[in-house]
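This report concerns only the one structure given below.
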Ligand SMILES: Nc1ncnc2c1ncn2[C@@H]1O[C@H](COP(=O)(O)OP(=O)(O)OP(=O)(O)O)[C@@H](O)[C@H]1O
């Protein structure tokens, strides 16, 4: 049943760790909470787990007041970054722990516990290592044991707080793909906390981007990347170029490059455009509007080449990405002058005193063939 989080706030002394957060969690969905350190991700997860309570707001599951239930009654499985495995118990005993400590009334018979543990060990691909102790396992293996232990109690909600945060990059990638496959098999409602955007983009059905205790945007990974809703999301997800825009008598422009229309009907004077490195055209024909950009550095990175450009006209350095094959064909060398223009962008005007972006006046521009 859908879990409805409504207007949650949590303050620590004067500081709002969560500030008016609302979110719906559909059954079987994999939601990533993504945000920088201190943005409130763990606080939100702890509230769902029953380890902390909000000062304001509700969490409901149908008619049920989710927050009124104790941590045990909520039937959640928890995995943290730092493996909280019992060192003196084997892998098998660790996985069985949550079932063994149940009151007799709800505890399954021994044979059933044994059978469930074996099934789980197979599922997390550790059936050969059941007799080992945690100290005899790699970090990745320990996290899989932690996950098996969380799954053993057959939770309705799985809460994962940076479960792969302490592992090296290669193991992280392997485990995240494995977790996604496991999720597709089990379809457990899952909330996954991470500050690693690649992890969130690859794993999640939807991402909630958090900043300073608030949710900036909730959406599919594609929507978050293609249609960022706020300047924070533009800058936090992926790489981007931030280009100031100004309105003159002749319309809006960034230096010599003009916007085709006035998106804000004359209401604003200044704004900012965000352009991803892959959304810069680099060989705009003469006669079409473009900036002249000096190619300062070239960074080959396999199939893609990153270019570091300097545009004197707007006094900005820009990053551009180009397919390495195309780059080789063009034969540019550092020092070359390229004719550069945005292919698509997201723009926000600033309010009257020029201080804050006006989020509701967000404007996206794509050429017709990219809409
Ligand atoms: N018990 C507490 N007492 C006081 N402040 C707290 C407490 N718990 C969290 N905070 C503060 O609330 C803010 C949000 O913390 P939280 O742990 O939710 O962030 P996070 O997004 O999970 O960060 P990280 O990625 O670093 O774990 C932080 O500024 C933190 O210092």
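Residue numbers (this note's numbering): 662 to 1032.
Glycine included, C-beta positions come from ideal geometry on N, C-alpha and C.
If you reduce the DSSP assignment to three classes, tell me which class residue i lands in.
{"i": "residue 710", "result": "helix"}
{"i": "residue 878", "result": "strand"}
{"i": "residue 670", "result": "strand"}
{"i": "residue 1020", "result": "helix"}
{"i": "residue 842", "result": "helix"}
{"i": "residue 991", "result": "helix"}
{"i": "residue 961", "result": "strand"}
{"i": "residue 996", "result": "coil"}
{"i": "residue 616", "result": "As shown, the chain starts at 662 and ends at 1032. That puts residue 616 outside it, with no answer to give."}
{"i": "residue 734", "result": "coil"}
{"i": "residue 810", "result": "helix"}
{"i": "residue 697", "result": "coil"}
{"i": "residue 687", "result": "coil"}
{"i": "residue 675", "result": "coil"}
{"i": "residue 966", "result": "strand"}
{"i": "residue 943", "result": "coil"}
{"i": "residue 663", "result": "coil"}
{"i": "residue 728", "result": "helix"}
{"i": "residue 715", "result": "coil"}
{"i": "residue 1006", "result": "strand"}
{"i": "residue 1012", "result": "coil"}
{"i": "residue 976", "result": "coil"}
By Cβ distance below 8 Å, which residues in the same chain neighbour residue i in space, the five residues on each side in sequence not counted?
{"i": "residue 894", "result": "870, 877, 878 and 885"}
{"i": "residue 605", "result": "An answer regarding residue 605 cannot be provided, because it is not within the stretch 662 to 1032 covered by the chain."}
{"i": "residue 794", "result": "748, 749, 750, 751 and 752"}
Figure out for me which residue from the options has the closest Cα to the Cα of residue i.
{"i": "residue 688", "options": "1022, 844 and 1007", "result": "844"}
{"i": "residue 1006", "options": "746, 737 and 1027", "result": "1027"}
{"i": "residue 818", "options": "770, 734 and 890", "result": "734"}
{"i": "residue 880", "options": "873, 868 and 942", "result": "868"}
{"i": "residue 847", "options": "1011, 825, 874 and 808", "result": "808"}
{"i": "residue 950", "options": "960, 974 and 823", "result": "974"}
{"i": "residue 799", "options": "832, 874 and 866", "result": "832"}
{"i": "residue 997", "options": "1023, 943, 825 and 1009", "result": "943"}
{"i": "residue 723", "options": "663, 683, 691 and 764", "result": "663"}
{"i": "residue 946", "options": "1002, 960 and 825", "result": "1002"}
{"i": "residue 923", "options": "977, 955 and 1025", "result": "1025"}
{"i": "residue 804", "options": "824, 789, 816 and 814", "result": "824"}
{"i": "residue 961", "options": "889, 993 and 768", "result": "993"}
{"i": "residue 928", "options": "1019, 697 and 718", "result": "1019"}
{"i": "residue 695", "options": "772, 1023 and 853", "result": "853"}
{"i": "residue 916", "options": "988, 953 and 858", "result": "953"}
{"i": "residue 1022", "options": "787, 712 and 891", "result": "891"}
{"i": "residue 691", "options": "1008, 948, 985 and 855", "result": "855"}
{"i": "residue 925", "options": "976, 1009, 872 and 693", "result": "1009"}
{"i": "residue 758", "options": "815, 698, 830 and 1013", "result": "815"}
{"i": "residue 740", "options": "821, 984, 770 and 959", "result": "821"}
{"i": "residue 700", "options": "985, 1013 and 872", "result": "872"}
{"i": "residue 965", "options": "988, 717, 955 and 889", "result": "988"}
Quick one: residues in its chain with C-beta nearer than 6 Å to the C-beta of residue i, no 5 flanking neighbours on either side, listed in chain order?
{"i": "residue 920", "result": "913"}
{"i": "residue 938", "result": "900, 980, 981 and 982"}
{"i": "residue 755", "result": "746, 747, 806 and 810"}
{"i": "residue 957", "result": "969 and 971"}
{"i": "residue 1004", "result": "940 and 942"}
{"i": "residue 849", "result": "819"}
{"i": "residue 978", "result": "971"}
With a CB to CB cut of under 7 Å and the five nearest residues on each side skipped, what residues in its chain are close to residue i?
{"i": "residue 863", "result": "837"}
{"i": "residue 812", "result": "738 and 781"}
{"i": "residue 827", "result": "742, 743 and 800"}
{"i": "residue 791", "result": "751, 752, 753 and 782"}
{"i": "residue 681", "result": "668, 670 and 875"}
{"i": "residue 1017", "result": "1011"}
{"i": "residue 677", "result": "670 and 874"}
{"i": "residue 841", "result": "864"}
{"i": "residue 732", "result": "710, 711 and 712"}
{"i": "residue 918", "result": "950, 951, 952 and 1002"}
Problem - contact_flag[the region 665 to 679, the region 691 to 707] where n(CB pairs < 8 Å) is 3 or more - result: yes
Practice task
Determine contact between the region 902 to 911 and the region 921 to 936, defined as no fewer than three beta-carbon pairs at a distance below 8 Å.
Solution key: yes
Practice task
Just list the alpha helix (DSSP H) runs in the region 861 to 932, keeping only unbroken ones of 4 residues or longer that don't cross its boundaries, in chain order.
Solution key: Secondary structure within the region 861 to 932: the alpha helix (DSSP H) runs of 4 or more consecutive residues, fully enclosed, are 882 to 887 and 892 to 897 (chain order).
Practice task
At 4 residues or longer, and completely inside the region 815 to 859: list those alpha helix (DSSP H) runs for me, N to C.
Solution key: 830 to 847
Handout entry: Minimum length 4: unbroken alpha helix (DSSP H) runs contained in the region 739 to 806
Key = 752 to 761 and 771 to 784
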